[in-house]
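Each number in our numbering corresponds to the 1-based position in the sequence shown with 23 added. Below: one structure, written as structure tokens.
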Amino acid sequence: MMYLGYQVREINGIKIGIEKTSELISSLNPPFKMKIACDYVLNLFRLPITHYSLHFDDQKELFPKQFGVTKCDTFSLKTTKTFPIEEMDYVLEKVKVSKSLVLDVEINYSFECYFLKFSMDDLKICKAFWITRDTFLLMDCARIELEYNHSLPLDKFVSQWLSSRYTRFEWLKMSWNGEEYDWNEEFETMEWNPKVRGRYFRIRDNKLDCEEGIDFLRDDGLLATVVRHHGWIHFVVWHKRFEAEAD
């Protein structure tokens with residue numbers, strides 16, 4: 024049974040409900056029926072796919088390439104088994120995401136992707152070993168979360184931000200691989216001053232303790248902090264220097 028609302032139609036033995044705004048949810052088996060129903064609805068209403076989320080393994084019929092997904096607001100892909108490299112190539116090269124991209128897939132360590140430009144509000148990559156230096160420095164996102172990444176040049180990322188007038192960026196969280204930076208040698212830094220900013224910075228539903236962080240002040244007055252915490256390294260920008268809900 025597939026539900027898309029409350030007014031039910033039956034098409035080729037599949038019952039479909041129609042509602043003006045909703046999501047397509049399916050528990051059908053085999054999954055190819057989902058593609059049939061999706062094609063029907065998209066063609067009937069001339070609608071684009073704006074949200075794509077797949078949290079399944081071994082369901083090739085539901086992979087984004089099969090649906091012809093090339094543009095959407097939010098895209099989330101989670102698998103526990105190895106995701107085919109050719110499908111990963113399709114996602115990275117063909118799908119343009121504007122708001123949120125989540126990639127939490129098992130991918131073969133032979134996978135390589137030398138140059139990409141991510142540009143969206145939220146970017147989360149859980150197996151980010153394939154992110155290169157150039158791709159990292161080109162990221163144009165408000166919020167970035169990378170896990171299991173190799174060593175990436177955070178000092179260059181900070182330097183880029185300091186020399187720009189870029190106001191979209193909010194925070195970066197990534198795995199720390201033991202890199203050591205001499206921040207005081209390359210930048211003008213400050214220790215935490217409780218009169219200048221709060222102690223805690225909110226990242227999603229968590230509070231990041233920035234008491235031991237290193238602060239940077241940009242020419243336009245924006246304040247940023249680098250801080251390590253539990254195997255992660257963060258770079259955050261204080262668009263609001265004091266947040267009551269965080270402190």
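From the three backbone atoms N, C-alpha and C, an ideal C-beta is built for every residue, glycine too.
Arginine 225 bridges to which residues according to DSSP?
Arginine 225 is bridged to Lys230.
Rounded separation between leucine 27 and leucine 65 - CA only
Per-residue confidence for leucine 27 stands at a pLDDT of 41, beneath the threshold of 50, marking its modelled position as unreliable; no derived number is given.
Closest to arginine 220 by CA distance: which of Thr93, Trp261, Gly254 is it?
The candidate whose alpha carbon is nearest that of arginine 220 is Trp261.
Residues near leucine 70 by beta carbon distance below 8 Å, same chain, minus five either side
Contacts found: Val64.
Can you tell me which of the three DSSP states aspartate 242 falls into?
Coil, per DSSP.
For cysteine 61, the three-state DSSP class (helix, strand or coil):
Helix.
Please report the residue range of the alpha helix (DSSP H) in which valine 181 lies.
Unbroken alpha helix (DSSP H) run through valine 181: 177-185.
Under DSSP, the alpha helix (DSSP H) around leucine 160 begins and ends at which residues?
Looking at the DSSP string, the run of the alpha helix (DSSP H) that includes leucine 160 is 156-160.
Measuring straight from C-alpha to C-alpha, what distance separates aspartate 228 and cysteine 61?
Put simply, the backbone Cα of aspartate 228 is about 34 Å away from that of cysteine 61.
Report the partner residues of threonine 102 according to the DSSP bridge assignment.
In DSSP, threonine 102 forms no bridge with anything.
Contact check, glutamate 129 vs lysine 104 under 8 Å by CB: the rounded distance?
Their Cβ separation, rounded to whole angstroms, is 6 Å, which keeps glutamate 129 and lysine 104 in contact under 8 Å.
Return the chain-ordered list of same chain residues with a C-beta closer than 7 Å to the C-beta of serine 121, the five sequence neighbours on each side being excluded.
Contacts found: Asp96, Met143.
Within a Cβ cutoff of 8 Å, which residues of the same chain sit near arginine 264, ignoring the five residues on either side of it in sequence?
Same-chain partners within the cutoff: Val219, Arg220, Gly221, Leu246.
Bounding residues of the alpha helix (DSSP H) (the contiguous stretch that carries methionine 111):
Unbroken alpha helix (DSSP H) run through methionine 111: 108-117.
Rounded straight-line distance, which links the Cα of phenylalanine 68 to that of aspartate 178:
Within the model, the alpha-carbon separation for aspartate 178 versus phenylalanine 68 is close to 49 Å.
Reduced DSSP secondary structure (H/G/I, E/B, other) of leucine 27:
Only weak support exists for where leucine 27 lies, its pLDDT of 41 falling under 50; the value from the coordinates is given anyway. In the three-state scheme derived from DSSP, where H, G and I count as helix and E and B as strand, leucine 27 is classed as coil.
On a CA-only basis, which of Asp145, Lys101, Pro176 is nearest isoleucine 154? Give me that one, please.
Closest by alpha carbon: Pro176.
List the endpoints of the continuous beta strand (DSSP E) containing lysine 83.
Element bounds for lysine 83: n/a, residue is neither H nor E.
Give every residue of the same chain whose Cβ lies closer than 8 Å to the Cβ of phenylalanine 152, excluding the five residues on either side of it in the sequence, and list them in chain order.
Correct list, in chain order: Tyr132, Tyr171, Asn172, His173.
In chain order, what residues of the same chain have a beta carbon less than 8 Å from the beta carbon of leucine 139, not counting five sequence neighbours either side?
The answer, listed in chain order, is Leu115, Thr158, Leu161.
Residues of its chain near lysine 117, where Cβ-Cβ distance is below 6 Å and the 5 sequence neighbours each way are ignored
Excluding sequence neighbours, lysine 117 sits near Thr93.
Could you give the distance in angstroms between the alpha-carbon of methionine 213 and the alpha-carbon of arginine 251?
Distance between the alpha carbons of methionine 213 and arginine 251: 16 Å.
Close beta carbons around phenylalanine 134, own chain, < 8 Å, minus the five adjacent residues each side:
Exclusion of the five residues before and after phenylalanine 134 leaves Ile108, Met111, Trp153 as the residues of its chain whose Cβ lies within less than 8 Å of its Cβ.
Suppose you measure from the CA of aspartate 243 to the CA of glutamate 234; what does that come to, to the nearest Å?
About 23 Å.
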